[in-house]
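Residue numbers (the working numbering): 1297 to 1346.
Glycine included, each C-beta is placed from N, C-alpha and C at the ideal position.
Source: prediction; values computed, not measured.
Taking it in order: structure first as structure tokens, then the write-up.
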Amino acid sequence: MTCVQAVPNPADKTVVRPLIEADIDEVATRLNLRAEVFKLHVDFFATAGR
């Protein structure tokens, strides 16, 4: 999940940093992020096949 970044202050979206393990506590959130990362990396195959 190296492509995921954290925005510590939602009011200032110019500050981003790499995601660290302590940023996410809930397992469901981790699973959702991993699913989105997977889609980000492979979803273009489905679009290109059309």
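Review point. Nearest CA to the CA of glutamine 1301: which residue from Leu1315, Lys1335, Ala1307?
Key: For this step, residue 1301 is matched to residue 5 along the sequence shown. Looking at the Cα atoms, Leu1315 is the closest of the given residues.
Point to revise | Which of helix, strand or coil DSSP assigns to alanine 1302 | key: For the purposes of this step, residue 1302 is taken as residue 6 along the sequence shown, with counting starting at 1. In the structure shown, alanine 1302 sits in a strand (DSSP, three-state: E or B).
Review point. If you drop the 5 nearest sequence neighbours on each side, which residues of the same chain put their C-beta closer than 6 Å to that of isoleucine 1320?
Key: Your numbering for residue 1320 matches position 24 in the sequence shown. Excluding residues within five positions, the ones whose Cβ falls inside 6 Å are Arg1326.
**Study point:** valine 1312 and valine 1323 closer than 7 Å at C-beta
**Key:** Taking the first residue of the sequence shown as 1, we reach residue 1312 at position 16. Taking the first residue of the sequence shown as 1, we reach residue 1323 at position 27. Not closer than 7 Å, so no.
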